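Protein chains: 4
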Amino acid sequence: MNTPNHYILTWQCPDNTGVLAKVSQSLFEHGAFITETSQYSDPYTETFFSRIAFDDRNLTVSAGEFIEALDDLAKPLTMSYKLRNKADIPKVIIAVSKDDHCLVSLLTKWKSGVLPINIVAVVSNHQTCQSLANWHGVPFHHLPITADTKAQQETQILTLMKETKADLLVLARYMQILSDDLCQQLAGRAINIHHSFLPSFKGARPYHQAHERGVKVIGATAHYVTANLDEGPIIAQEVKPINHTFTIEQMVHMGHDLEATALSHAVRIHAEQRVCLNGDKTVILT
Amino acid sequence: MNTPNHYILTWQCPDNTGVLAKVSQSLFEHGAFITETSQYSDPYTETFFSRIAFDDRNLTVSAGEFIEALDDLAKPLTMSYKLRNKADIPKVIIAVSKDDHCLVSLLTKWKSGVLPINIVAVVSNHQTCQSLANWHGVPFHHLPITADTKAQQETQILTLMKETKADLLVLARYMQILSDDLCQQLAGRAINIHHSFLPSFKGARPYHQAHERGVKVIGATAHYVTANLDEGPIIAQEVKPINHTFTIEQMVHMGHDLEATALSHAVRIHAEQRVCLNGDKTVILT
Amino acid sequence: MNTPNHYILTWQCPDNTGVLAKVSQSLFEHGAFITETSQYSDPYTETFFSRIAFDDRNLTVSAGEFIEALDDLAKPLTMSYKLRNKADIPKVIIAVSKDDHCLVSLLTKWKSGVLPINIVAVVSNHQTCQSLANWHGVPFHHLPITADTKAQQETQILTLMKETKADLLVLARYMQILSDDLCQQLAGRAINIHHSFLPSFKGARPYHQAHERGVKVIGATAHYVTANLDEGPIIAQEVKPINHTFTIEQMVHMGHDLEATALSHAVRIHAEQRVCLNGDKTVILT
Amino acid sequence: MNTPNHYILTWQCPDNTGVLAKVSQSLFEHGAFITETSQYSDPYTETFFSRIAFDDRNLTVSAGEFIEALDDLAKPLTMSYKLRNKADIPKVIIAVSKDDHCLVSLLTKWKSGVLPINIVAVVSNHQTCQSLANWHGVPFHHLPITADTKAQQETQILTLMKETKADLLVLARYMQILSDDLCQQLAGRAINIHHSFLPSFKGARPYHQAHERGVKVIGATAHYVTANLDEGPIIAQEVKPINHTFTIEQMVHMGHDLEATALSHAVRIHAEQRVCLNGDKTVILT
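Protein chains in written order, with our numbering: chain E, 796 to 1081; chain U, 796 to 1081; chain X, 796 to 1081; chain A, 796 to 1081.
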């Protein structure tokens, strides 16, 4: 084996004695060469979360046998895990409406190698971002939506995800509310950016709400999509001080950077398998 | 006149043409020596806000005549103003329950000369902070409260404010909700610290709410007290990133610093007459 | 006059009595309709800075006469001023090397109308960003540079600025050090982004320096270019907490957003004539 | 055993295969009930850092035998470790000059149970803080210092540390520079607060330096003391945006909160054995 394969193992289970010992011992016995480890034991839910990166330079068994051993280990520990060859980066579809600042950020970071994802399509209910997507060599799908065609349009998105084998749908200022059904089908696989520091200012026009309330700090929140609007598990939040001189327009403009930063950060750590769901919350294993 | 008197003039009025010209011209004509000016013209409410600090080293009229001229100017401009000799620092009463971190911060900053206020009393529904207040030489009033005695206790607070000629009531983690009546009587003269970045997590146990929601940023908000709980005009907000490893206790502890910082900042800028009410919001003239 | 012209007047002078009164009185007398005012009186340098936005809907004189009156006012006050029709937005040339994140940010914000500038050219010592500039419809000039051709290349930049009547050169991660001579010719007209919170980590590879030092916060600084490397007046700084797990690469990646945010903010407020030079420092009139 | 004893084990060693497995296996075999684990593998120094909190409710051996097993494990791994009963909280001496804001913060947090330390003495070259220390029931030692008596005064501090069995010296705005010799004797056992975001503005009057440079962000840095002034490993940094209107005095006042926050945070995580030295840097195991 000349060039080692790199793997990412993320797992969680009830926090019983010896959990970490058993897993790390198993990895050790099979010759996994660990390069990164991160754990968290949640005292509230008594759940153990762990992310271990390793390579197979010294692996004493085949990949298949390794997974079998992992399965044997997982069952008695009631452990759920995700093991991935680091080279198999997630396939991502980005949904967008008219504002392109989050899309630009994702495409630029992806192109420059910062985001370990593969952007396989951009979908939009408008055509505004078509040439931008195309310039980056990404297929663009114009999927207009009306009250009558909502179910049909969502089916098109799902079909596209299946066809492209997409692992993740990123709502990069996509101004449509997903149906409960779609939310459930994409549980843990759809990330949205909301332009406020949630739970403040859910719903429409959050900067207008923030201006109305007179807050001294604005923010943006990247979160997993759930059927409860803007209530999904929070992955990342960015905030910034403002003052009374900020017009709504200035808040919107300054907010663009907060949104792009929070969203691309959330997508990166999701793609690196650093985000674990812990009920309605997230554990970020850095 | 050997040592000049310093004055702070804060005023607001409908934003008509020439407002700034008329006021600054009037100050100039009477020989006011301006040391600080700050203005804001709110395009939403079409209101003009201004704070001008000046001294009387070159004043060509008496203080009384100066005020007369100001009154003459104010009427046609529908201008409301507050003129104060800078040396007449506001008298402040601090209300507190058991937690002393905000009280400590205010007393310490006051003693070291950072806060241009005169703390004339500490009132509390508990006795926990008595020795702290006394050590700083501040009279402590134990005003216990029950459902039955609430009206009476609030009367005691108001009486104390009158007796001490207090200009401001600071709720420094005072865990009682003021009655609507008291809120109205103290409109613009009572500042509260709430331990969340409002409007998120109003009401009781905001850190517990924040933990439950899984936010990645916590905060504290200093605001004027109004009859709508935690809905008053925001003066200052402090925020800080957290992560999933923070227990509720750690959030509480880290929050102490945010609360003390936001509250003492709000009290300072209020005392320096830098805070103007603009409907349900504030304009901070720095 | 159907649609009013909007003007921005930014001025500074020694802080003598009546300065604000005289200027606002003059504007008032000539019928200037003021929409924004911001002042600052620096107690250290005893200089008065002011920015006034107004329109000519009620102007009682011609624009030419208005400027004459301003000149008459300026001389006795030793006042320097810049008056601009708001519609005459500054022409900007962006210099870039290989990294495109700051260029992308400026082009995207410009295209979406957030930045009140006119980007007339992109210059680069590499060809990496050519297609990006062209896609945005901006002329791209490849100006390679060697030790031998540095003077000649800088002349090409200056010539281009003259030909395009550019008001501002923005160094958007342009990895060449400008000669002292060019710095002086562009004093107050060239903005650079440095990828550290200056004055920490001047010069080459600041993220490597930051990693070496083990700081817990990284940053980016937008500043005017001067002959003293990374010592020019600071316009804007962005910072962000990090921890020991950040590799240099992660710091570089996270830094991209800080740099783009700080630079585009600096360019915006410069273009809005909100930045005044105060010796080696800046006054930002918001 | 009715109430379990809680232990904190912090260790580091060269990052060889199986390190985590061996240690966690050993803990598991001896019945340690793990409640917190945090690891970091530094790819630059190839060092493994770990902090494990556990209790002895299921421990199958005596504490003495457990330590023997740990010693046996440590040697072949070239591992250094610190094992502490959590109840044996560190004894701390605080050194202070005239400014009391950091001392107040430490004493208040300590009294309210936030800081797991035992403050055994306050030493000062002035008498300003005597009554404050005494009010908190902490012995105060006035140790004046002159150029001639510096060596002798430092000996007094060291003697006091020995007599009180102090583990940590906290310089809470102590305005004396420790001798190289004392720095070396207290390596890793002395924490200083510097009132700038290091490495900017080392040495005297950092807020004056910051004002002179015109930075848009100020900060405070808590770090271990080393013989190179203000060059020691950084534990925590706090920063805050400012603008041109801030006078030096306002920067000083606002800085007080940054300093107190950074220092008390650093003392807390040091006391919880979360801070590891990694050359000239720190690893914080949260």
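Backbone N, C-alpha and C fix where the C-beta goes; we use that ideal spot for every residue, glycine too. Computed from a prediction, not measured in an experiment: that's the story for all the values here.
In the displayed model, residue 1022/E falls within coil according to three-state DSSP, outside both helix and strand. Fully enclosed alpha helix (DSSP H) runs of no fewer than 4 residues occupy 925 to 930 of the region 900 to 938 of chain U, in order along the chain.
Considering only beta carbons, the part of the region 1054 to 1070 of chain A lying closer than 9 angstroms to chain U consists of 1055, 1056, 1059, 1060, 1063, in chain order.
For residue 832/A, the enclosing beta strand (DSSP E) starts and ends at 828 to 837. Across the structure, residue 957/E and residue 823/E are spaced so that their CA atoms are roughly 37 angstroms apart. Looking at 858/U, 1070/U, 1029/U, 1007/U, the one whose alpha-carbon comes closest to that of residue 1015/U is 1029/U.
Residue 845/U is outside the set of residues whose beta carbon lies under 8 angstroms from a beta carbon in chain E.
If you check the CB distance, residue 1071/U and residue 1022/U do not come in under 8 angstroms.
Proximity of the region 850 to 868 of chain A to the region 932 to 940 of chain A falls short of the contact definition, fewer than three beta-carbon pairs being nearer than 8 angstroms. When the alpha-carbon of residue 867/U is set against those of 894/U, 821/U, 844/U, the nearest one is in 821/U. Judged by DSSP in its simplified three-state form, residue 850/E adopts strand.
In the three-state scheme derived from DSSP, where H, G and I count as helix and E and B as strand, residue 959/X is classed as helix. The C-beta distance from residue 963/U to residue 1017/U rounds to 12 angstroms, too long to meet the 8 angstroms contact threshold. The beta carbon of residue 1034/U is closer than 6 angstroms to those of 992, 1012, 1014 in its chain, skipping five residues each way along the sequence. One thing to note: residue 884/E has its Cβ no nearer than 8 angstroms to the Cβ of residue 901/E. Within chain X, the residues whose beta carbon sits less than 8 angstroms from that of residue 1036/U are 1036, listed in sequence order. Taking C-beta separations shorter than 7 angstroms and ignoring five residues to either side along the sequence, residue 838/A has no partners in its chain. By the criterion of a C-beta distance shorter than 8 angstroms, residue 864/X is surrounded in its chain by 821, 825, 856, once the five residues flanking it on both sides are discounted. Going by beta carbons, residue 986/A and residue 965/A fall inside the 8 angstroms limit.
Going by C-alpha positions, residue 1025/E is about 13 angstroms away from residue 1076/E. Our two residues, residue 994/A and residue 1008/X, have alpha carbons roughly 8 angstroms apart in a direct line.
The beta carbon of residue 917/E is closer than 6 angstroms to those of 889, 928, 933, 935 in its chain, skipping five residues each way along the sequence. In terms of CA proximity to residue 886/X, 905/X leads the group 893/X, 870/X, 894/X, 905/X. Your pair residue 846/X and residue 828/X does not check out as a contact, with CB atoms roughly 16 angstroms apart and the cut at 8 angstroms.
Annotation: residue 1065/U to residue 967/U spans about 15 angstroms, alpha carbon to alpha carbon. As the crow flies, the alpha-carbon of residue 1045/E is around 9 angstroms from that of residue 909/X. Shown here for residue 959/E: same chain residues with a beta carbon closer than 8 angstroms to its own, the five before and five after excluded, namely 886, 888, 915, 916 in chain order. Between the C-alpha atoms of residue 911/U and residue 919/U there is a straight-line separation of about 23 angstroms.
Around the beta carbon of residue 1068/E, 16 or more other beta carbons lie within 10 angstroms, which makes this residue buried. Per DSSP, residue 1001/A is one residue of the alpha helix (DSSP H) stretching across 1001 to 1008. With respect to the C-alpha of residue 801/E, the residue from 980/E, 1053/E, 814/E, 831/E having the closest C-alpha is 831/E. Counting only runs of at least 3 residues, the region 1023 to 1052 of chain U fully encloses the following beta strand (DSSP E) elements, listed from N- to C-terminal order: 1029 to 1036. Collapsing the DSSP output to three states places residue 979/X in a helix.
930/A is the residue among 880/A, 871/A, 930/A, 876/A whose C-alpha sits nearest the C-alpha of residue 899/A. Nearest to residue 893/X by alpha-carbon distance, out of 872/X, 923/X, 869/X, 879/X, is 923/X. Ranked by Cα distance from residue 870/U, the first of 903/U, 835/U, 807/U, 834/U is 807/U.
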